[in-house]
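Scroll down for the structure; my scribbles are underneath it.
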Amino acid sequence: MKNGFRMLAWVAMIVLLCASIAAGSESVFSPGWRVGDTWLVKAVYPSPVADDEWSAPVYWNYRVAGREMEGAEETYIVDVSEQTGRVGLKARLFYRCADGSLAGVDMEKMSRGKIIGTTLVYEKGVPAVSERTLIPCDTPVFPLEEPLSSEYRITRAMGGGMKTERIVRQDVRKVPDTEGSSSPLFEVRCTDDKGSTLFLQRWSSHYPWPLYGENRNMRYWLVTE
Amino acid sequence: MKKYLLLIAVAIFFFTFLSGEGHCEMKTYEATYVPWSGWWWPTSSGGLVTGEGYRGHPAPLEKYDYVMNGRYNGPATQYGTRRYYDQNAESWYGLCHCWSAAAILEEEPVLAGIYDGTLFRVGDKKGLITVAYDGALLTRVYDAETDAPEVFHEVLDDYIRQQKKPLIFDLGVGEEHWNFPVYKYDTDYTQEGNKRHYTVTLYFASDGVGDNIDFVGTKVSSSSYSYWLELDGETVTGSGWESGSIPPKKAYEPFGTATSINSIYRDTPERDFYQEVKDINAVVGDPYEGNDTFWKAVPLQGGHYFLIAVTNDYFKVVGLEKGAKLYVDISSEQDAGVLLNVYDDPAGDPVAVIEISGEQVIEVARTGDYYLEVVPLNPAGGPCYELTLRESLAYQGIFPVDPGWPWATGITVLGSEDAKKIIVAQMDPDGQLEYAFTSSSSSHLVGVLERDFGFTSHYNGYLRIDSDGPIQGVQVVTTGGDLMFGSNLIPADRASSEVFFPHFTRGTFFGAEKTRFGLINIGNDTEEVERFAYDDEGVPAGTDTISLGPGQKIEEDAFNMVILGGASSMKASAKSGRDCLVGYVKFDRPSSAPGSDYRIPRGCALVPLPLESASALIVSHCACNDYWRTQIAVMNTGSEVTVATLTGYDANGDEIHVVQRMIGANQNLVEDVADIFQSWDVAAMKVESDNGQPLCGFVLHGSTDGVQFSGAPLYGVAPAFTDLYLPHIACLGIWGTGIGIMNTGAGAADVSFSLFDGDGNLLDKTIRDVKKNQRISSLIKNLFNSGVPQSARYLRIESAGSVSGMYFIATTDNRRLMGGGIGF
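Chains A and B, in that order, give the protein sequences. Note that the working numbering has the first sequence beginning at 177, numbered continuously upward. Note that the working numbering has the second sequence beginning at 528, numbered continuously upward.
Structural data, given as structure tokens:
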């Protein structure tokens, strides 16, 4: 990130529609972080050959390491490392302080005894899907307002001077917290233009990270005890 | 004409350009490195635990368990049997996804290595790292079920063209998954209006190495796909597969592994299968790498070595004496052979050149060091080979058992003054030397195999002792619990063409006394051995023939030997007539002690064979009371019936009982001494044939509850001027050693007892006046006024007359006991 984000895939975004479908919502949520905050996330990953078989759990430590200016934007820096150190992957996540959106990911993974660095860049104002990393970092567009449905057009470069566009829809609703407090949870679901879920998260206003999330590559839970 | 052709070509070009039709030049993109080929370990054959399709047992996970968990069938193998082996699994089911991830993220194992004494070939290493990637952490970057061809296009562009990283593609069809690491692709397209018709060829490392799982490198396979993209300016607005292409199912980026087999270490979370496999795989070559010149020749003791010839290997055998024999056996894989040159002088020509497997004998013609030069005939990959070295000295002996874990075996070897060198060789049941230990520092060698000689636990082999002087010895085998047995060293010159087994029991139910027979061919030739069973009248009851290779040992439960049905004694005879057989008979006696488990033997007794054959046999110690039983087993090995006179003596040597028994040819006499004489007063006895028929036999001493149990061979009347040694005495801590010595001479005689330390220094001496036929029964510590010094190691018994004796080693808690004859 010091050298600027290397454009990997995401190149442009246009907000197509941002319409509140229902009026009179009382609840609005954005996570609030302070430097020094830490949390632990448990994640499992699907087997490539067996349906319903998942990996052993992998635990990721998140730590808000600081706030820095990235270009013209101030960002939270969140360092993520695997708890045992046996999975050779760590990352630094950059979140825009202004709106809580994911700006980018610097990843380092071990391959053949060497550290391989990769940078993923995300544009402002669109949902970010943790597609090419093990580290849970799905990020909806904040604040979460219930009920709210929004659509976003995301453009992606694909080499040869070509690009693709897709429409991503973000729906927010409140659901009861079946395991915890009496306060309802914010459930946010992002779907593509075919209706397939890109990611789903359930947030509690008491925690800095979703209590639960899933996308096609992982399921993850905030470890609260 | 040329002008017209040029004009036509230019016209076609402009027409094509202007109309949007055309063909793009094919481009090739490649990752910065190429993944390696490896086996996909199909579940239906379970090669990781069965070795099927590879090299049999030990399979890769068994080897891992052996070096990491101390046994072949350890937790990893058990886990692998459950997870990686199912004969009924779908034929395509296996570990291709694990191998693919490993082939991308891990360096290729390219050379075999010996880790902690175990050979891990390239296939073993690749198999283990593949298991470590069961639990590979992957992100799916393309899925044909949900993603259109433009995603496939974009993934290749991003990963291979831009990032230059390989990634995994599942190229399976239908329900089958076939994952491969893709590292290169060709792409070109033709333009047709606003459509581009792409043809892409993926290149990937193949798993087609089933014919050589040790394969090193990459076998490349490829697969082509066709699709079209419709464009509105730069934006893709439509896409589809075409020309019959069945698209890849999925693509993944591998990140690492949450190794599933680590669940076996749930209770020891500090252990990590992945890291342990990395440690194994990091070992390249054998432990002696660097021995690539005569000057760097590594000294080797006798033993069986797994080695790898990355380059020429050099070894030396130190301090060979002229006249000794060096047995060398070298073998390697057929496709990667080695040549062995043997030198007595590095500057000279080899004294032997060995190209074929099979034991070769080098006659040592010059005292000094001998050098071995191993030359790989095809050095690529580093051929593995096995080298067996065995030095044969002038005197040999056999300890007939080496039962392995959970037994611990201790030995004592006492050499004569001429014995400067003692070699202890651990032989497997096939007669292959596994390990050897050489002592050149003492003529009294004592130690426990694993602890003191560095041997590993082997199942049911034996020990061969070589020395340059006469030797005697004792071995003691114990579990550390109630069980103990042992044997005297059997001198090789006592090997016989005929071995008699005067008595056995065929336990037919749990808890019954059982007998095991051991037979070893210590000769250099394969022997056809006929076994003759005799009933209790000495009538032949059955016969069979077995084959014993050089050095081979068999041990059989009498219950399982068909010819022994209805029999009560047996003879084994080498058809060749060569004196090559030694053996033993071992009894497992159940306990009748209250609360004991009848299925577990509580007493074991072993008698080394062959037995001495004489017309008069001495039982120098009888113990008959409400605690001890003494049982004799005597066989008439002659051709005529004999009347045997059994004479009982009291402790003072007075003849107190005489009875007679008729024993036919090949018939045995098995009876308790107390029953023979109807008396508990007998301290020693003699069994004598009235017509000079050869007799042989042994005596079993045991407590009535079956816990203490021992056996000893019977000897004939010794010649005058007897000089006997007890090579080992145990008198420290819980241990005690007792002896029973009988004066078998014609009159009274002085018998001296001398204690020595391990260096042969006399520590104490006592002399007893012993009457004719008198028996001295005593703990050794009670023989000497000042007890037994801690440094005492062996006992010498001398007499101008004739004495015969036996010894007992026991624990003071009356649980463990073994015995043997003093002498052989």
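All C-beta atoms, glycine included, are put in the ideal place defined by N, C-alpha and C. This structure is a prediction, so every number in the text was calculated from the model and none was measured.
Here B/Leu655 is not near B/Phe696, since their CB atoms are 8 Å or more apart.
For B/Asp715, the enclosing beta strand (DSSP E) stretches over residues Asn706 to Glu719.
By the neighbour-count criterion, in which a residue is buried when 16 or more other Cβ atoms sit within 10 angstroms of its Cβ, B/Asn1193 is buried.
The C-beta separation of B/Val902 from B/Ile889 comes to about 17 Å, leaving the pair out of contact by the 8 Å criterion. Taking the Cα positions, B/His1255 is about 42 Å away from B/Ser859.
Put simply, the CB of A/Ala232 is near chain B, with a gap under 8 Å to one of its CB atoms. For B/Val668, the neighbours in chain A by C-beta distance under 8 Å run, in chain order, Glu307 and Arg308.
In the structure shown, B/Glu633 falls within a coil segment according to DSSP collapsed to helix, strand and coil. Here B/Glu1057 really is in contact with B/Thr1070; their C-beta atoms are around 6 Å apart, less than 8 Å. Interface with chain A (8 Å Cβ-Cβ cutoff): B/Gly565 is excluded. Counting the other CB atoms within 10 Å of its CB gives B/Glu633 a total of 16 or more, which places it among the buried residues. Using beta-carbon distances, B/Lys777 counts as an interface residue toward chain A, with a partner under 8 Å. Beyond the five residues adjoining it in sequence on each side, B/Thr1032 comes within less than 6 Å, by CB distance, of Glu1040 and Thr1042 in the same chain, given in chain order.
Boundaries around B/Arg917 are those of the beta strand (DSSP E), Cys911 to Ser919, since no alpha helix (DSSP H) includes it.
Bounds of the alpha helix (DSSP H) holding B/Ile1307 are Ile1307 to Leu1310. Secondary-structure assignment with DSSP links A/Ser287 through a beta bridge to A/Lys290. Annotated three-state conformation of A/Met334 is coil, per DSSP. Contact with chain A is absent for B/Thr1072, since none of that chain's Cβ atoms lies less than 8 Å from the residue's Cβ. Within the region 742-763 of chain B, contact with chain A at the beta-carbon level (separation under 8 Å) is assigned to Leu756, Leu758, Glu761, Thr762 and Val763. The beta carbon of B/Ser772 sits closer than 6 Å to those of Tyr752 and Ser753, all from its chain and outside the five residues before and after it, given in chain order.
Within the region 359-386 of chain A, the runs of beta strand (DSSP E) that reach at least 3 residues and sit entirely inside it are, in chain order, 361-367 and 373-379. One finds nothing in chain B with a Cβ atom closer than 7 Å to the Cβ of A/Asn237; even the nearest lies about 16 Å away.
For B/Tyr989, the closest C-alpha among the options B/Gly1078, B/Phe1027, B/Tyr1061 and B/Glu1054 is that of B/Gly1078.
Assigned with DSSP and collapsed to three states, B/Val747 falls in strand. Rounded to whole angstroms, B/Gly1285 and B/Tyr1252 show a C-alpha spacing of 13 Å. Using a Cβ distance threshold of 8 Å, A/Leu324 and A/Val302 do not count as a contacting pair. For the pair B/Ile791 and B/Gly583, the Cα-to-Cα distance works out to about 24 Å. Out of B/Ser750, B/Ile992, B/Gly942 and B/Ser994, the CA that lies nearest to the CA of B/His971 is found in B/Gly942. Those residues of the region 279-299 of chain A placed with their C-beta closer than 8 Å to a C-beta in chain B are Lys285, Met286, Ser287, Arg288, Gly289, Ile292 and Thr294, ordered along the chain. If the five residues before and after A/Pro386 are omitted, its C-beta is found closer than 7 Å to the C-beta atoms of Gln377, Arg378, Trp379 and Leu398, all from its own chain and listed in chain order. Chain-order list of chain B residues neighbouring A/Val399: empty, with the shortest C-beta distance near 16 Å, by a criterion of under 7 Å.
The beta carbon of B/His724 does not come within 8 Å of any beta carbon belonging to chain A, so the residue lies off that interface.
For B/Ile1268 against B/Gly1314, the beta-carbon gap comes to about 19 Å, at or over 8 Å, which does not count as contact. For the region 552-631 of chain B, the continuous beta strand (DSSP E) assignments of 3+ residues that do not extend past its boundaries occur at 554-557, in sequence order. Counting only the Cα atoms, B/Gly607 lies some 40 Å from B/Leu1133.
Across the region 329-352 of chain A, CB contacts with chain B closer than 9 Å involve Thr331, Arg332, Ala333, Met334, Gly335, Gly336, Gly337, Met338, Lys339, Thr340 and Glu341, in sequence order along the chain.
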